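What follows is a single structure, written as structure tokens, with notes after it.
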Ligand code: HEM
Ligand SMILES: [Cu+2]
């Protein structure tokens, strides 16, 4: 952080210009490394427990294909629109950036809505977090991802407000860039959830 | 919930503690008010983002926790001195060994080392602060309030009592009703978040903020060990985060992760715990290795022998530390193939460790050795740690471990590595860097008294435990029968524990004595040091270096002294220095964490949610905060530097 202004680098993209920004972006990558370890642990837990269904339903009996497909579609698209937002930012177009961020946010909210619906549906079928080890690990793994997405939505709202207040500055650009890293990461995690939890669960 | 359940009642020891706590609080409030120090406390400490002050606060807390954990230890030794003692009952004994282990590892050893690394690493790499000073303050306060939450358990609600390993099913609601293990799950979670952020912070600091010329291969060994430790933290702590979260879910919301019915799997806890837990023991030993390396090289007046081999072995140890965890439960019967694999990986750790031992020995060879207190701790470390390591290799033989496991032999092993490794390193580091922290030296005479008392006491206390273990005494038993032949060695062990306690008291007295009569360090370089922290004043101005030093060699400051006049600053070179602003928010957010944690412990969810809202509010305010720090003008730097020199 020291010497922030000294090391201002005009040649870099806006989000990398200050020393502080470069440090923050690197730190966030490392944080994502920790998040990988966190989700890896949750996946390992799920894989260990997923056939231990006790007296509750199995994955095959439970999972709803339709909701999950819609969720997947929404989240993957949002990752794409998030990329478009950063693309617009690199071209220096605030309005394009804001539009795509907003679209991303709405798609994310759509994802969460469907996920909540899916969970409510399971609970109505009597499949709760308390029913079996399989369901505990399912709800905690998928729920942790969902909580991350919700947090990301809140975070994006804050950044949109700051963009409206302050415009595109090295600082706001950095924030957009970091939230986009976070968003893409959640997308990758979802792909693993989709294959390891849902697809595998519907086959085995 | 009734008040009589809320406050722990019925134990004279606890009532005494209640009184002591109330008196201490009244005392602190009185002193602060009487001397009008509240503003000072807030401005200088509670809101500081200066890595040196944060480091000092870490160390103060760690010493307090060493005291608390030490009292636990003495209570246990008192109970075990003779057969059939009635001093503590079984429940109370369970609580005490649980809090002892948890506190010593998570609230004493790790914060002590994190404190030293806060103080030393930015100075060693010629930086003005860490990469994220604000986050650093938050890390500290989360640790602080996590530790506070854990520590109030023994007067409010009851202590955890399932061991520091908190194995299931013992730690489940069924076998551990009450809130004790909720404290364990929640308090460790809060301080663990702080540790993870420290790991990220120091990794970026070391990678990105080194002075010009300091390539990776010119980095001081302590900084190297911290770098690798950060990597371990970043990959190990998330596992603990998850394990604790699942424990919390099981205990508070009735999930079935580790239960005995509905598909739960108690072994999963043991695995998750040790996937974090084994790397954790290396998190507390690697920086210790770094401290010893610095001290040995300084007081042997020689460059560290085998610098590259040293780095290679740290990296090797870090890697291996992730693939040995099953050695903690060979006896749970994973089968010969699995046990053999983990047996071999465990033994393999002895190889890089052995390389390091020889490196220290060769550094000493033909050195002009000065036997300062810091050096005594470091020299004592080598043979004592080797005893711990050798017994570790014995435990690593899966078949033999069926005999040793969970006996006093194991207790002997891990105390020989943790005390002779980490605790000796903390003492060594404190004596070595004390002048840098406070501007005066610790008294050497008292320091040596403390050293000999503690070191001899340590051996008297723990060496007999190997034999007690071989004689069949198992760990965590609160009493034993008279005819087993264990009594003499237990008496000896208790005597050793008392000596260690006296050593600790002498150490604390030394802090007081040296503050009053200690020799001032006017030069900034009392030991004829080799690394950059000795180039600047003691204590350094809060910007550390008026001009960022240029590094041309490993042992950067030594090279400056040999090739010229050391680190010289010409007033023309000065430029305004940018520094981060203080902030009270990390402190306040951490209080909210404490309250939320307290709510979770007692399942007062409304309270927890309200506190959580305050946490989120704190984060939002941070997001909108665009304080860019401030500049220290050249005039002010000149004034500070002239004052520092006039002192000299
Ligand atoms: C040569 C290096 C080492 C080897 C081969 C080794 C091996 C082992 C083995 C096999 C066990 C499990 C024994 C049992 O439960 O029956 C063990 C326990 C333990 N070791 Fe080590 N160890 C080594 C170094 C260390 C170091 C450096 C530390 C910490 C600084 C450490 C701390 C511990 C602790 C805390 C436990 C017991 C935890 C518990 O059950 O509560 N060890 N060690
Ligand atoms: Cu281990």
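Protein chains in written order, with the working numbering: chain A, 27 to 230; chain B, 13 to 660. Even for Gly, the Cβ is constructed at its ideal location relative to N, Cα and C. None of these values were measured; they are calculated from a predicted model.
If we call anything under 8 Å between Cβ atoms a contact, is residue 452 of chain B one with residue 533 of chain B?
The residue you call residue 452 of chain B lines up with position 440 of the second chain. The residue you call residue 533 of chain B lines up with position 521 of the second chain. Against a cut-off of 8 Å, the Cβ pair of residue 533 of chain B and residue 452 of chain B comes out as a contact.
Answer with yes or no whether the minimum CB distance from residue 653 of chain B to chain A is below 8 Å.
Taking the second chain and counting its residues from 1, the one referred to as residue 653 of chain B is at position 641. So no, residue 653 of chain B is outside the interface.
How is the beta strand (DSSP E) around residue 485 of chain B delimited, first residue to last?
Within the second chain, residue 485 of chain B is the residue found at index 473, counting from 1. Looking at the DSSP string, residue 485 of chain B is not in any beta strand (DSSP E), and its letter there is neither H nor E.
Taking residue 730 of chain B and residue 303 of chain B to be in contact with their CB atoms under 8 Å, please state how far apart those CB atoms are, rounded to whole angstroms.
In the structure as shown, chain B begins at 13 and stops at 660. Residue 730 of chain B is therefore absent and cannot be evaluated.
Report the residue from B:419, B:156, B:314, B:39 whose alpha carbon sits nearest the alpha carbon of residue 202 of chain B.
The residue labelled residue 202 of chain B in the question sits at position 190 within the second chain. Residue 202 of chain B has its Cα closest to that of B:156, out of B:419, B:156, B:314, B:39.
Using a Cβ cut-off of 9 Å, pull out every chain B residue sitting near residue 215 of chain A, in sequence order please.
Position 189 of the first chain, counted from the first residue, corresponds to residue 215 of chain A. Simply none; closest approach about 13 Å.
Flag residue 336 of chain B as yes when its Cβ comes closer than 7 Å to any non-hydrogen atom of ligand 2, and as no otherwise.
For this step, residue 336 of chain B is matched to residue 324 along the second chain. Checking the Cβ of residue 336 of chain B against ligand 2 gives yes.
Let me know if residue 96 of chain B comes out buried or exposed under the rule of 16 or more other beta-carbons within 10 Å of its beta-carbon.
Reading the second chain from its first residue, position 84 is the one you call residue 96 of chain B. The residue is exposed, with fewer than 16 neighbouring Cβ atoms inside 10 Å.
Under 7 Å from any heavy atom of ligand 2, does the C-beta of residue 293 of chain B make it?
As a first step, residue 293 of chain B is located in the second chain; it is residue number 281 there, counting from the start. It does: the Cβ of residue 293 of chain B is within 7 Å (strictly closer) of some heavy atom of ligand 2.
Express the C-alpha separation of residue 250 of chain B and residue 171 of chain A in angstroms, rounding to a whole number.
As a first step, residue 171 of chain A is located in the first chain; it is residue number 145 there, counting from the start. As a first step, residue 250 of chain B is located in the second chain; it is residue number 238 there, counting from the start. One C-alpha to the other measures close to 15 Å.
Distance, Cα to Cα, residue 231 of chain B vs residue 48 of chain A?
Position 219 of the second chain, counted from the start, is the residue given in the question as residue 231 of chain B. Position 22 of the first chain, counted from the start, is the residue given in the question as residue 48 of chain A. Looking at the two C-alpha atoms, the distance is approximately 22 Å.
Where residue 604 of chain B and residue 630 of chain B are concerned, what is the direct C-alpha to C-alpha distance, given to the nearest angstrom?
Within the second chain, numbered from 1, the residue matching residue 604 of chain B stands at position 592. Within the second chain, numbered from 1, the residue matching residue 630 of chain B stands at position 618. Cα to Cα, residue 604 of chain B sits roughly 9 Å from residue 630 of chain B.
Identify whether residue 42 of chain A lies in helix, strand or coil by the three-state DSSP scheme.
Position 16 of the first chain, counted from the start, is the residue given in the question as residue 42 of chain A. Helix.
Report yes or no: is there a C-beta of chain B within less than 8 Å of the C-beta of residue 226 of chain A?
Reading the first chain from its first residue, position 200 is the one you call residue 226 of chain A. Answer no: the Cβ-Cβ gap between residue 226 of chain A and chain B never drops below 8 Å.
In angstroms, rounded to a whole number, what distance separates the CA positions of residue 79 of chain B and residue 514 of chain B?
The residue you call residue 79 of chain B lines up with position 67 of the second chain. The residue you call residue 514 of chain B lines up with position 502 of the second chain. About 12 Å.
State the Cα-Cα distance for the pair residue 412 of chain B and residue 279 of chain B, rounded to the nearest angstrom.
For the purposes of this step, residue 412 of chain B is taken as the residue at position 400 of the second chain. For the purposes of this step, residue 279 of chain B is taken as the residue at position 267 of the second chain. If you take the alpha carbons of residue 412 of chain B and residue 279 of chain B, they lie about 22 Å apart.
To which residues of the same chain is residue 158 of chain A closer than 6 Å at the C-beta, ignoring the five residues directly before and after it?
Against the first chain, residue 158 of chain A aligns to sequence position 132. Answer for residue 158 of chain A: 79, 80, 82, listed in chain order.
Could you check if residue 340 of chain B belongs to the surroundings of ligand 2, using beta carbon to heavy atom distance under 7 Å?
Position 328 of the second chain, counted from the first residue, corresponds to residue 340 of chain B. True, at least one ligand heavy atom lies under 7 Å from that Cβ.
Tell me whether residue 290 of chain B counts as near ligand 2, meaning its Cβ is closer than 7 Å to at least one heavy atom of that ligand.
Position 278 of the second chain, counting from 1, holds the residue named residue 290 of chain B. Under cutoff, so the answer is yes.
Count the other CB atoms within 10 Å of the CB of residue 427 of chain B; is the residue buried (16 or more) or exposed (fewer)?
Stepping through the second chain from its first residue, residue 427 of chain B is reached at position 415. It is buried - the Cβ of residue 427 of chain B has at least 16 other Cβ atoms within 10 Å.
Could you tell me whether the segment 119-126 of chain A touches the segment 184-193 of chain A, where touching means 3 or more Cβ pairs closer than 8 Å?
The segment 119-126 of chain A is in contact with the segment 184-193 of chain A.
How big is the Cα-Cα spacing for residue 663 of chain B and residue 287 of chain B?
Because residue 663 of chain B is not part of the residues shown, which for chain B are 13 to 660, the question remains open.
Curious, which full-length beta strand (DSSP E) runs of at least 3 residues does the segment 167-229 of chain A contain?
Entirely contained in the segment 167-229 of chain A, not one beta strand (DSSP E) run reaches 3 residues.
Which of the three DSSP states, helix, strand or coil, is assigned to residue 319 of chain B?
As a working note, residue 319 of chain B is residue 307 in the second chain. Residue state, collapsed to three classes: helix.
Does residue 30 of chain A have its Cβ less than 8 Å from a Cβ in chain B?
One-based indexing of the first chain puts residue 30 of chain A at position 4. Note on residue 30 of chain A: pLDDT 42, under 50, position unreliable in the model; no value is reported.
Output yes if chain A places a C-beta closer than 8 Å to the C-beta of residue 216 of chain B; else output no.
Start at 1 with the first residue of the second chain, and residue 216 of chain B comes out as number 204. It does: the Cβ of residue 216 of chain B has a partner Cβ on chain A nearer than 8 Å.
With a threshold of 8 Å between beta carbons, is residue 185 of chain B in contact with chain A?
In the second chain, the residue the question calls residue 185 of chain B occupies position 173. It does not; no Cβ of chain A falls within 8 Å.
Thinking C-beta only, is residue 476 of chain B closer than 8 Å to residue 435 of chain B?
By one-based count along the second chain, residue 435 of chain B stands at place 423. By one-based count along the second chain, residue 476 of chain B stands at place 464. No, the Cβ-Cβ distance between residue 435 of chain B and residue 476 of chain B is not below 8 Å.
Rounded to whole angstroms, what is the Cα-Cα separation between residue 222 of chain A and residue 74 of chain A?
The residue labelled residue 222 of chain A in the question sits at position 196 within the first chain. The residue labelled residue 74 of chain A in the question sits at position 48 within the first chain. Straight-line Cα distance between these residues: approximately 12 Å.
What three-state label does DSSP hand residue 374 of chain B in the structure shown?
As a first step, residue 374 of chain B is located in the second chain; it is residue number 362 there, counting from the start. Note: residue 374 of chain B maps to helix in three-state DSSP.
Taking the beta strand (DSSP E) that residue 642 of chain B belongs to, which residues open and close that run?
As a first step, residue 642 of chain B must be located in the second chain, where it is residue number 630. Residues 642-644.
If you drop the 5 nearest sequence neighbours on each side, which residues of the same chain put their C-beta closer than 8 Å to that of residue 414 of chain B?
Locating residue 414 of chain B in the second chain gives position 402, counting from the first residue. Counting only Cβ-Cβ distances below 8 Å, and skipping sequence neighbours, we find 342, 343.
Less than 8 Å between CB atoms is the rule here; does residue 331 of chain B satisfy it with respect to chain A?
As a working mapping, residue 331 of chain B is identified with position 319 in the second chain. So, not an interface residue.
Any Cβ of chain A within less than 8 Å of the Cβ of residue 220 of chain B?
If you number the second chain from 1, residue 220 of chain B lands on position 208. Yes, contact with chain A.
Is there at least one Cβ from chain A nearer than 8 Å to residue 265 of chain B's Cβ?
Translated into the one-based positions of the second chain, residue 265 of chain B becomes position 253. For residue 265 of chain B, the answer is yes, since a Cβ of chain A falls inside 8 Å of its Cβ.
Could you spell out where the beta strand (DSSP E) holding residue 589 of chain B opens and where it closes?
Here residue 589 of chain B refers to the residue found at position 577 when the second chain is read from its first residue. Unbroken beta strand (DSSP E) run through residue 589 of chain B: 589-591.
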